[in-house]
Structures are given as structure tokens and as C-alpha cells.
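The sequence shown runs contiguously to residue 1046 in this note's numbering.
To keep things clear, I will list the structure first and then write my remarks on it.
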Amino acid sequence: MRQTGPIRFSILGSLECWDGDERVHVGGPVNERVLVTLLLEPQRVLPVHRLIEAVWDQDAPATAAHQVRKAVAELRQRIPDGRTLIATDGPGYRAAVTLEQLDLLQFTDALQRARDHIAAGRTTEATALLRTALALWRGPVLSGSGGAVVDAASASLEERRTTAVEQLFELRLEAGESAALIAEIREAIRDNPLREPLRGHLMLALYRSGRQAEALEEYGTIRAVLDEELGIQPGTSLRELHQAILRNDPSLNGPAPTDPAAPAVSGGRSTLPYDLRDFTGREEELHKLLGFVEDADGSGPLIVAIDGMGGSGKTSLAVRAAHRLAERYPDAQLHLDLRGYTPDEEPLTPAAAAEALLRMLGVPGERIPDDPQGRIALWRATMIKHRMILLLDNVVDESQVRPLLASPTSTIVLVTSRALLVDLDAAHSISLGTMAPPDSVALIVSIIGERRAQAEPEAVAELADLSGHLPLALRIAAARLRKRPRWSVRYLVDRLRDDTHRLAELSAGERSVEVTLRLSYEGLDAGYRKSFRLLGQYPGAELDVYTAAALLDLGLRDAEDVLEYLLDMHLVQQHEPGRYAFHDLVRSFAHMLSRTRHSGGTGEFSEEAAGAVRRLMEYSLTASDVACDLLFPGRVRMARPTPSFRPELTPLRTPEAARDWFEREQDSLLAAIALAFRRNLDREVALLAANVVFHLDLRGRLDEFLALCHTAVAAARRLGEADLLRLSLSNLAVACWKRGRFEDGIAAAVEAHELAVELGDRRGQAKDTGVLGLLLATTGRFDEALSRLEQSIALKRELGAERAEAESLSNISAVHMERGDFQEAVRTATRSVHLARKIGALEKELVGLGDLAQAQLAMGDAEAAARTLGTARDRMPAVVAPAERALLLILSAEAEGRLGHRHQVLHWVEEALATKGLEDAPVREATVWNTAGRFFHRCGDHQRALRLHRQAHASAARLGHRVEEAYALDGLAQALAALGHTAEAAERTDAAHAAFRAMGIPGRIHRAD
């Protein structure tokens, strides 16, 4: 049953808002910062400018005040009784909350009452209040992501919390506690290593626990830390405490201890490595591990297996957990390296491991049996009698561990391995991936220092990326910077950018990412080592089983078995079922192995690697052929070379499945083409590029379309095959038109046509003539364009190339329309739509419908245009080029607007103008801007019309898009006239008429209006 009560807020950590037992979600980052800023100063009026500063620091947008007021309104709506809790008061807002509603008020109240009790000598009550206050603390305000203003307030609160921690330790020491405090004080010191009161409390607790030497050692530690970090010596209080410990001053003894009695088991031993002072991140994994301990039951050993790739920080995590748990397992804390992946050493046998563990416990050598089974039996008998932590590090497989386990026992066993130990019965499993980017940056900062990191924050983030967020790589990179204070972070980043030398850079002393990865690699058998090298050639982010089968030259089932084994060995990763990926540094290592005939050096890529890339390209070409045939019916493909193998393909049976395949694989296909170009596989590059451009065009990724066409042309020229060069040039001409590079497009189309004539390639002649006609029309050369397009259509009709004919019919429709021959424009556009629909080429049909609607609008038939565009919207798929969608929306708005429905369709105009990706298609962009300008002019918003026509004019003039440049001038004239700027309007009118006359066209928009 839902509990009710006052709304409660928690800001000492992440922001939480509770209505009874239900969490209230307050909205996005702006809402959170506004609310937290108000709650940091409850009952105090904060003006809007203070809230703006808290949200945006010094980078507030012009709309900041509006956004703050909008955030307050939304908070009041989301939070029950929000109008009461966030009150408007004079020039600002006030958080009207009470003590029971806000953890900050409770925290402050408890601290104040604790101080009052201390002053009155009531230390027991003060201790309880301090515990209550500290229990409210969950971390920095907004988890440290609140911006400068919030972070400053958070830092002040953190100082108060730390002071309270110190005060609590002091009270507990005065009450006689000592040994039980040591671990807690050490944990506080890890977070605040420079706080002298904490160090003093630890020294006193150690001294009172009979550990005088450790107390003195702690003084040496803080003295060294202060000297290194700040260049100062410990303060007077700490120095005096040190002297008192040296002389065993009786005044240090304090009251009689109240600690629990010492453990009955004597001789507790610890061989744990030291816990890293700068241990960073892994909070979730550590919490999970400690949770296994809290929830443990049964009589067998509690086993937690930590697996991850080499260098992922498995040992560091296990050591930290062991230190945290040490007081619960007082008999012994043992660490043993089983040498599963140690250079030049064999893994320890279970018997050898048993002997080493017995000796760690102080068992005399004469009592340890000589035979392996006897040693294991003695160890198991010893394990049963003790409450220990056993950290078995660097395990190669389950067979190393099983013989060492006994039951019943109170021992916890932590196991680390690079392999996933799936056959270790009853074991809890924690798999380590890479670190989260913020944790990676924090680790670097902890090593190189905040001042150095703050000077180059972008370079630090890039260093974390180039280190693959792998703890070992991060530590090595940061250590190199620390040892070379004159290096900038950017300098090391630039060195790491070279993939061929990255692994060499990530080496320092005995630590090396390459050595770590090589140990994992050499632990594989020969077949898996080869598979690892072949898969490492894949350049994309993720691959599926079909792609892997092609790289490996295996069947699907065998390829999946290889991937799953490498996944268990943490040499590949899996972020979603059926998709596999290499860590960046692992891929670099695989590439390094492939740069030699014998898989061990850094020379030229081996024939083995070249074969894998060739098969990848053959598979990609075959698979993309199938996808293109489904998505782009009626296309004609060039003859394909005979493949060197028969790839198994992803089953694609519908256009939707083909579209999904392209969406998933598009970036990987581009990466494969770039790799093949570098490896001189020019034929494969040109052929695959001719497929990939179809989908790039469909998705409106026009910059990549253009770049890919340039790559294909370069490959075809290098190869010296005229037919491939013609195809690539033809695609380049189309890409240049779409990106507004008309002269480059005309040059490419002319060269492509000349090659088609030389080759006797009539299909090529038909296409290139049509593309040339389109480019000529866009630059205002309509007579030449009409002749070219008519030639293209006749040849395409003769060849039966219906898809290509539909495309040219659509283009010639636009030419007829601009020339004022509206009936012919409607006829050709209608035939284009018919042909596209006949062969199922939906994307061509939509273009034809758009051109038909423009012709109908030009001849003044808005009702027919509205019906045409309604059909287009109904048939428009979810995935369509952004610019084409924007054009259909703006034309729809124009048609409906002429019918008097302007207010109902205004959202179409705004959606078209806000289309993401429209800027990448400048030809369509200018048309959309001009059409929107005319819409707003009819609506009476002449200022907005003026702005849009100016944008269109600037863009069209820059591109040489003479048609839209003329229409922009005409639109400017009308807007200026409506605003009373008669003289300037007349100038624009004259310029528009001159432009139309120069092109030999009447100006359809002007006539239609």
C-alpha cells in the first residue's frame, strides 16, 4: 500500500524527491540544478540571475531566464504541492521546506545539536547525533555534476562532513575504542590523505592497540605526503603526538578499552599486496562483491571469481575487497599468484599452491607431506579450521582452484582470471570491462595531479580514450607524464594517435600493455591464435557471426564457437547478443601480429591478413548486393568477379530487413572500404562503394557519400579499369549535385560520359547524360539541360531501364516546369511516379510525387497538389533522407496554405526548417527556405519571410544554384515591399527579372502567385 506524507528531498548525493514511498522524477539537468540550488539555501529568496549562474556558469544562453522560469513551472507541475514548495517571492523563488522534508536541514540540525551536547559534556548523545548526521551523506551534491556554483556549495558541505567525521573519531577514542577504529580511520584517510587530525587519530588508535611501530610509521607517511604534495611539515599537534608516542607518554593511554576481545585464533598472518592509494572507480563491482559476503549462507567456501582482460584491474579490485574484509576474517589474509599468465613461468600446480599456502600460515616444512595429495589434504584440513581470506590470483583455469577448496569452512576465496571460469561450481562471478570515462579521467588526475589535468581537460579525456579506458594502460600513460613533467598531456596524446606505435608507447618499466596482451594470446592454442589474428583485421566497431565466418573462412557454427571461446578469454567483448567487438588496444595488438609473415613483428601485413580483408570485402559486396536489390529495385549492377569462397549471408527477405542490415552495418562497411583502399584492393573498393552510396543517399549522409565517391574514383584510377572509373565518376557527379558542387559534378559527368562512349557502354551513356542534364538545369542552363535529359530518357526507354528512366523523367519535369510548360511537367512527373511504383522503387516514387506537386502548384492547382502530397506523406517510410522529408513537408504546407489552412499546417513548416541533416543537402535547403519564406509572406510574417529569403539567397549564390538564387531575389522583393522598403524592393525585383531572363525562364512562382 502506498505510504503518504510530506514531500521529501535528498540532495546530499544524487538528487532524490520522494512522495511517500514513490520516487518523483523532476526532469532534466536544468530542472535538477534549479531545484538543488533552491534547496541548498532553503527559505531564502534567490533571484533568477543566481539560478542562471548555477545552471550555466558563465555560458548562459540568451534564453536562460526563460528556461529557468520554464524549469520552475515544470518542477511545480511534477512535484506534488509544487506551487507551495517552490514559492515565488519578489524578484525570485524560495524553497519553502521544513526540517523533516530536507536531508540538508537534518544534517545541519544534527551537527548543531551535537556541538551543543559536546559543550555540555554529554558525549554519548553527541556521538549518536554525529552518526545520524553522517548517515545522511550519500556523496557530493548532484554526484559532482552540478556545475561550478553547486560544486562550490558541495565542497563547503564536504568540509563540514569531514570535520564531523574527525569529531566522531575523537569522541570514540575518548570513549576507549581503538583497534575497531583503525580500518574506519584508514578509509577516511584514503578520501582525505592530507587531513592531519585523521592521521593523528589513526596514530593514537594504533598506539593504544599495542602497535607503536605502525603508529610511528604512519607519522613518517604523512610527513612524506605533506612534503611531496605541499612542501610543508606536519603541524604542532601532530609533531607533539609523535614525540609522545616515541617516549611512551602515559597520558596517551586513555580510558579502559571497550573493543571486543582479541580473536581466539593466534598468529594471524597477512600476505596481501598493499591497497592502491589512488584506486579509482569500480564502485559498482566492489559493492557487488561485498554484497556477496553480506548475503552468504551455507557451509561451503564463499567463492567470488573476478574475470576480465589483462590489465583490467582484477587484482586491484580483489585486493581492495580483501582489505575491506580483513577484520571479518582475522585468522589470515593470504594472497597467492598462481602464475597462470606470468612470463617465462609455468602455472603453479594445486600441490605447489597448497605447500605455498601452508608455509604462509607458518606450518613448519617438516610437517608438510612430500606427496602432492598429502599436501593438498593437509591444506584442506587447515582451511576448514580457519576464518580466512584466500586470494588466488592469476588463475589459468578451474582445475588449478578446485583441489584447494574444502567444506565446511568460513573462508572466503577470491579468484582472479583472464578466463571466464564457468565450471567453478557455486562461484559468484564478476566480469570487469573497461572503466567508465569519468573514472578513467579521475584515475589520470589522481596520478598527474589536478593542476596539470585542469590545464588540459580535453587532452586528458582524449588520453583516456586512446588508452582504451583500460586501467593498466591508463596507469602507464599517466606514470609516463608524471615522470616527464615537461611533457604536456597533448604531446603524449599525439604520440598515442599513431596506431602502429601505440602499444610501444604504453610501456613503462616492467609494465607493458603489449606484454600483458601477448601473455593472453600465447595462452591460446595455434588455431585460436590464427583466428584471433584474422578477426583482428575487422575495422568496424562490431561484427556478427556471418562477418566473422568470412574473415575466418569457416562455417557459421565453427565461427561462433571461436567467438564464444575468445569472449570467455576476454580477447573479444560482447555488448549485445550476436555482436562481438575488439577493445581498441586488443585490435592494435592483433594488427601488430599481422604485420609480419611469422606473426611477431611490425613489418608489412602478412598474406594471411590480406586474405582475411579480401574475404571481408567479397562477403560485404555479396551481402550488400542482396540488400540493395531489395531496397532499390530496378537498379543495374556491373558484373562481379568470381569470389574466392562462398560466403554464408545474413538472411534478408524484405526491404525492411535490408534497411535494418544497412543501418547496422553502414559504418563498418565504410571502415572496410577505407581499409581495403589502404591495402590496394581497388576493384573491391570501387564495387562495394557503388552499393554503399545508395544507402548513404537514402539516409541523407551526403558528406560521406561525397567522400566515398572520391575514394572510389581514386581506387579506379589506380586500378586502371575504365568501366569502374566511369561508374565511380558517375556516382561522384550525383554526390556533387547533392552537396552543391555543381562545376565539379559537371566535370565528373562529362568525363564519365566520355568513358562510356569509348567503352560502348550505352547504359553508362544514358545515366551520365541524365546526370549532366540535372546539373545543367540547376545552374540555369535549361536549354542544354532539356536536350541532355531527352537523350537520356530515350536511351533508357530503349534499354528498358525503368528505374533510371523514372529518375530522368522526374528531372525533366522540373525543367519543363521552370520553362513554363506545366502540362508537360505534369505528364512527365506522372509517368515517373508510374514507373517507380511499377518496379517498387519507393524512394524514386516520392521524388516524382514531389516534382508533380510542384508542377501542379506552379499551374495554380493547389487542390491537386494537396492530394498528390497527401499520397506522398501516406507512402513515406520511417527511414527517408532528411532533406527529402523536409521538402515534402514544406510543399505540403504551401499547398494547404494556398487552400486557406495555414494555421493548421504551420507545424509542418517548423518541422521542415528544424530538420536535422537539411544543412548537408544545400540544394534542397535553399528550396525549403524559399518555400517557407513564401509561406510566411502569405501569413503576414514579412520579417521572417525576409530572413528566410536572405538565407536562401546567400546559400544559392555561394553554390551557383541560379534558379533558387533568382527565386530568393523575388521573395526578398515581395517581403521588402510589404515592409515598406520600396526602393530596395524594386532593386531586388529588377535583379530577379534579370536572372530569370538570363536563364530563359518566366519564373513559375512569380506567375503562379
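Backbone N, C-alpha and C fix where the C-beta goes; we use that ideal spot for every residue, glycine too.
Residue from the options with nearest C-alpha to residue i
i           : options               : result
residue 150 : 137, 169 and 134      : 169
residue 807 : 537, 795 and 785      : 785
residue 839 : 616, 669 and 478      : 669
residue 952 : 939, 966 and 559      : 966
residue 539 : 502, 588 and 737      : 502
residue 4   : 210, 508 and 275      : The question about residue 4 has no answer here: the residues shown for the chain are numbered 38 through 1046.
residue 197 : 607, 147 and 1033     : 147
residue 2   : 186, 76 and 341       : The structure shown has nothing for residue 2, since the chain only spans 38 to 1046.
residue 271 : 231, 244 and 287      : 231
residue 195 : 209, 208, 210 and 179 : 179
residue 774 : 446, 703 and 960      : 960
residue 931 : 620, 991, 904 and 95  : 904
residue 136 : 235, 779 and 46       : 46
residue 291 : 447, 241, 440 and 602 : 241
residue 438 : 394, 849 and 1030     : 394
C-alpha distance - residue i paired with residue j, whole-angstrom precision
i           : j           : result
residue 368 : residue 399 : 12 Å
residue 462 : residue 264 : 50 Å
residue 728 : residue 748 : 14 Å
residue 758 : residue 764 : 10 Å
residue 108 : residue 842 : 55 Å
residue 53  : residue 166 : 23 Å
residue 777 : residue 554 : 48 Å
residue 919 : residue 141 : 49 Å
residue 962 : residue 802 : 30 Å
residue 51  : residue 355 : 27 Å
residue 845 : residue 875 : 16 Å
residue 829 : residue 804 : 7 Å
residue 333 : residue 339 : 7 Å
residue 132 : residue 978 : 42 Å
residue 259 : residue 225 : 14 Å
residue 526 : residue 626 : 24 Å
residue 782 : residue 791 : 14 Å
residue 173 : residue 56  : 18 Å
residue 77  : residue 205 : 25 Å
residue 320 : residue 991 : 54 Å
Distance cut-off 7 Å: residue i Cβ against heavy atoms of the ligand MN
i           : result
residue 134 : The model on display carries no ligand, and the ligand MN is accordingly not part of it.
Outcome for residue i when other beta-carbon atoms lying within 10 angstroms are tallied against a minimum of 16
i            : result
residue 682  : exposed
residue 734  : buried
residue 488  : exposed
residue 269  : exposed
residue 1036 : buried
residue 922  : buried
residue 311  : exposed
residue 691  : exposed
residue 494  : exposed
residue 676  : exposed
residue 1104 : Given that the chain is displayed from residue 38 to residue 1046, the structure contains no residue 1104 and the question cannot be resolved.
residue 273  : exposed
residue 436  : exposed
residue 1038 : buried
residue 80   : exposed
residue 881  : buried
Bridge partner(s) assigned by DSSP for residue i
i           : result
residue 450 : 340 and 427
residue 432 : 454
residue 125 : 130
residue 47  : 53
residue 233 : Paired residue(s): none; residue 233 is not in a bridge.
Quiz item: Taking contact to mean at least 3 C-beta pairs separated by less than 8 Å, is the segment 862-876 in contact with the segment 886-896?
Solution: Contact holds: three or more Cβ-Cβ distances are below 8 Å.
Quiz item: Counting pairs of Cβ atoms below 8 Å between the segment 808-816 and the segment 998-1006, do you hit three or more?
Solution: Under the 8 Å Cβ criterion, the segment 808-816 counts as touching the segment 998-1006, having at least three qualifying pairs.
Quiz item: Would you say the segment 401-410 touches the segment 581-591, given that touching needs at least three Cβ pairs under 8 Å?
Solution: Counting C-beta pairs closer than 8 Å gives fewer than three between the segment 401-410 and the segment 581-591, which falls short of the contact rule.
Quiz item: Counting pairs of beta carbons, one from the segment 473-492 and one from the segment 351-366, are three or more of them closer than 8 Å?
Solution: Remark: fewer than three beta-carbon pairs, one from each stretch, lie closer than 8 Å, so the segment 473-492 and the segment 351-366 are not flagged as touching.
Quiz item: Touch check for the segment 659-669 and the segment 683-700: three-plus C-beta pairs under 8 Å?
Solution: Yes: at least three Cβ pairs fall under 8 Å.
Quiz item: How about the segment 110-129 and the segment 64-75: do they share at least three Cβ pairs that are nearer than 8 Å?
Solution: A contact exists between the segment 110-129 and the segment 64-75.
Quiz item: Quick check: the segment 979-988 against the segment 1011-1022, are there 3 or more CB pairs under 8 Å?
Solution: Judged by Cβ distances under 8 Å, the segment 979-988 makes contact with the segment 1011-1022, as three or more pairs qualify.
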